[in-house]
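Numbering (my numbering), first residue to last: 1320 to 1821. Inspection log for the structure reproduced underneath, given as C-alpha cells.
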Amino acid sequence: MIRDTSRLSESRYDLIVIGGGINGAAIANLAAACGASVALLEKNDFASGTSSKSTKLLHGGIRYLENFELDLVHESLRERYIQWQAVPHLVKPLPFVIPVYKNDARPLWMMKCGVWLYDFLSGKYRIGRHRYLSCAEIAALAPGINMKGLVGGVEYFDAQMDDARLCLENVLMADKRGSAVANYMEVEGFIKANGRAVGVKALDVISQKHMDIFASQIIVAGGAWSDELIQKDVPLSIKRLRPTKGVHIVYRGQISSSAFLLQSRQDKRVFFVIPFRGNSLIGTTDTDYDESPDMVETKESDIQYLLQEASRVFPHINFDRSKIITTFAGVRPLVAESGHPSRISRKHAIECSSSGIYFVMGGKYTTYRAIAEDVIAQALPRLMPQMPYAQQYTLYGSGSGNEELKILSQRFEMPMDLLRFLQGIYGSRFVDVLHIARDNKDLRAKICSCSLTIAAQVIYARDVEMAQSIEDIMVRRLGLSYLDCPTGQCRRAITEILKNHP
C-alpha cells in the first residue's frame, strides 16, 4: 500500500470517505467491495484516534442490558461472532468474571439474570457458555482477591481484539479492492455546486500541498471530530455529539488469566481488569469531555480512580504508580443526549445535511461493520445488491496460510515460535513479512529483548502498511508502546532500521 496522493486529484470518485478510524475504514472497504471507486482520507494516521484507544474488546455490551437496549446487545453479539470468524488472529474469545460483593449496586441475582440473558441473545452466535461461581471458585481464578463481603459471582464470554490492527485490516482491504487511501490528508473544507457538496479541499500534511478531490457522494466518519466537520459544512450548526473520555492503564504483571468486570463503589459504573500482552489492562473511565479531541490526555485523577477501585478488589497487589507501563485516553463520539455519561446509548446515528453530505456519529467499535452497511444503504443505495453477505466478511489477513508452519520454518530458516507470533499479528499475510526477511539475515533479527518483533516488520509497516513515522510503527502497527521496555531499545532500533533500509 503505497501512499500516492497524486492520484487523489486525477479522477472523480463515486465516494469520498472522511475519517480513517474503524467506521471510515469499514465504509471504504465495503463500498469498494461493491464496486464503487472510493477515496479514504484521514488527517492523522489510521486508527490514531479512539479506534486505537479502546478497551481492546469486541463485546455485546453486557452493561447495556440494564438500559434495556436489547436490540443493540443482540446486534453487537452477532457482529462479535462475525469478526471472530473473519480474523481469528486479531479477535479471541476471553472469559470474564464478575465478582459480586454485599454492597454492590448490582446484586448477584441481577448478574445471574444478566449473563443468562446475554447468552440467550447470542443465540447461534455464542462464543462461550456462562456459569455461576461460588466464592471459592472465584478465589481459585484470582488468588488474593478480596473475600470480605464476597457473595459469589458469574462468568461469561466476550472477545479481546487488537483494535488498531483490525482498523488497519479494513484499510488494507479497501486498498486491495482499488480504493485510494491516504493518511495525513486533512480535509479543510467542502466544494459545493448549486448548494450540493461535490468534493473536498484537502491538505497533504506531509508535503503541505493543497488539492481538490471530487466525488458523487461524501460520507463523514469523523468520530470525535464530527462536530468540527459539520461546522465546515454548515457554520454555526448545533453540536451533535456529547463526547466522553475513556482512560486506560497498562499495569506491569498479569493479575489473572481471566478478565474481570468490576463494579465501582465511587460512581456505581463498571470497569475492567484484563490480561493484556503479559500485563494487565485496567479501564475505563467515562467522564464528559468538552476540550479538543486533539488534546485528550490522561490526568492524575483518572489514574487514581482506576488504581483505587482495582486495589479494593485485589488488596494483595500493591498498586504502585511506578509499575504503570503506559496510559492512553480516547474520546467516545456519543450522540448527544442527557443523563449520566455511562448511561448514554452507544447506538449510532446518520444525518444527511442540506448539501447532501452524510455524517455517521456515535456507535460502538463492535458494530462497525453493521454501521458501515447502514450508512452505505442510505448514501449509496444502488450498491446494496452487491453488498457481501455478512457472515462471509473477509479482511486483509483473513483465511489460513497455504503451507504448514513447519515447512515455512525450514524454508525461511526461522523458529516456529516466531512464525506463530507473526501469524498472530498478520493472519494469512504473515508470509509477506517472511519474504522481506528471506534474503537478509539482518531483517530476521529481533529488534529488542521485550518481544519477538523482528526488523522485517518495521520495513513491512513502512512499505506495505503506510506507516509514516516511528510513532505509527510503534503504537499502531506493532503495538510496542504497550510493552514493558525500560531500555527504550525498540525506538532506537526502529530508527536505525529505517535509516539503513531506505
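We treat Cβ as the ideally placed atom computed from N, Cα and C, and that holds for glycine.
Apart from the five residues on each side of it in sequence, which residues of its chain come closer than 8 Å, Cβ to Cβ, to residue i?
i	result
V1553	S1672, S1673 and S1674
V1392	G1379, G1380, I1381, Y1383, L1384, Y1437 and L1440
G1508	V1519, K1520 and K1551
F1633	A1461, G1463, I1464, N1465, I1574 and V1592
S1728	P1734, M1735 and L1738
F1476	P1412, L1413, P1414, F1415, R1445, I1446, G1447, R1448 and H1449
G1297	Coverage of the chain is limited to positions 1320 through 1821, which leaves residue 1297 absent and any answer about it impossible.
Determine the closest residue to residue i out of the options, with distance taken between C-alpha atoms.
i	options	result
G1472	N1502, N1513 and D1423	D1423
S1719	I1644, G1746, H1754 and R1584	G1746
M1480	G1380, R1515, T1374 and Q1582	T1374
E1388	P1418, L1440, I1813 and A1350	L1440
R1688	L1702, P1704 and Q1710	Q1710
V1470	L1487, T1606 and M1429	M1429
E1815	D1782, D1761 and D1803	D1761
T1563	V1615, G1572, F1595 and A1578	V1615
L1349	L1427, Q1573 and L1702	L1702
Y1420	Y1332, K1558, I1446 and K1467	K1467
S1330	R1322, F1533, I1446 and D1482	F1533
I1882	Q1742, R1322, S1325 and A1483	Past the boundaries of the shown model lies residue 1882; the chain is included only from 1320 to 1821, so the question cannot be answered.
C1769	M1785, G1542 and I1644	I1644
C1809	N1819, P1821 and V1794	V1794
Y1400	W1435, P1426, L1427 and K1443	K1443
A1367	I1417, D1613, D1607 and D1390	According to the sequence displayed, residue 1367 carries Ser and not Ala. S1367 has its Cα closest to that of D1613, out of I1417, D1613, D1607 and D1390.
L1487	I1789, A1780, R1811 and C1804	A1780
D1609	D1390, E1628 and P1652	P1652
S1583	A1629, E1456 and I1335	A1629
S1577	I1557, I1636, I1457 and I1690	I1457
G1798	L1359, V1783, S1371 and R1326	S1371
I1359	G1338, T1369 and C1353	One point to set straight first is that residue 1359 is Leu, not Ile, in the sequence displayed. Selected option, being the one with the closest Cα: G1338.
R1397	I1335, R1326 and A1478	A1478
L1580	G1433, L1753, I1557 and V1410	G1433
In terms of DSSP beta bridges, what is residue i paired with?
i	result
S1312	The shown model of the chain, from 1320 to 1821, leaves out residue 1312, and the question about it has no answer.
H1529	L1522
G1508	K1520
R1450	E1474
R1515	A1512
Q1479	L1376 and K1411
K1564	T1606 and V1650
V1589	Q1582
I1773	K1765
L1469	Y1420
Specify, as a first and last residue, the run of the alpha helix (DSSP H) that residue i falls within.
i	result
M1735	M1735 to Y1745
V1783	No alpha helix (DSSP H) holds V1783; DSSP gives it neither H nor E.
K1818	Q1808 to N1819
Y1383	From DSSP, Y1383 is part of no alpha helix (DSSP H); its letter is neither H nor E.
A1405	L1389 to A1405
N1750	Before going on, a small fix: residue 1750 reads as Val here, not Asn. Note, V1750: alpha helix (DSSP H), F1749 to A1756.
A1499	Run containing A1499: none in the alpha helix (DSSP H); it sits in the beta strand (DSSP E), A1499 to A1501.
Q1729	L1724 to F1731
A1493	D1482 to K1495
Keeping to the same chain, check which residues put their C-beta closer than 7 Å to that of residue i; ignore five residues upstream and five downstream.
i	result
V1694	I1346, I1538, I1669, Y1677 and V1679
D1531	S1328, I1510, G1518 and K1520
S1661	R1588 and D1605
A1351	V1357, A1493, R1496, G1497 and S1498
R1515	S1674 and G1675
S1453	G1471
M1826	A question about residue 1826 goes unanswered here, because the residues of the chain that appear run from 1320 up to 1821.
A1774	D1761, L1762, A1764, I1766 and I1816
Taking the continuous beta strand (DSSP E) assigned at residue i, which residues delimit it?
i	result
I1766	It is not in any beta strand (DSSP E) - I1766 carries neither H nor E in the DSSP assignment.
Y1608	Premise fails: Y1608 is in no beta strand (DSSP E) and is neither H nor E.
Q1550	Unbroken run through Q1550 is the alpha helix (DSSP H), S1545 to D1552; no beta strand (DSSP E).
K1411	V1410 to Y1420
A1540	No beta strand (DSSP E) contains A1540, which DSSP labels as neither H nor E.
L1436	No beta strand (DSSP E) holds L1436; the alpha helix (DSSP H) holding it covers L1427 to S1441.
A1578	A1578 to Q1582
Can you find the residues in the same chain that come closer than 6 Å, C-beta to C-beta, to residue i, ignoring five residues on each side of it along the sequence?
i	result
T1646	I1568 and T1617
D1621	V1566 and T1604
S1657	none
H1529	L1522
L1771	L1737 and F1740
G1743	H1408
S1395	G1379, G1380, T1685 and T1686
E1505	K1362, L1522 and V1524
**Item:** Ranges of the alpha helix (DSSP H) found wholly within the stretch 1624-1698, counting only runs of at least 4
**Value:** The qualifying runs are 1687-1698.
**Asked** What residue ranges within the stretch 1325-1374 form continuous beta strand (DSSP E) runs of no fewer than 3 residues, ordered along the chain?
**Response** 1331-1337 and 1357-1360
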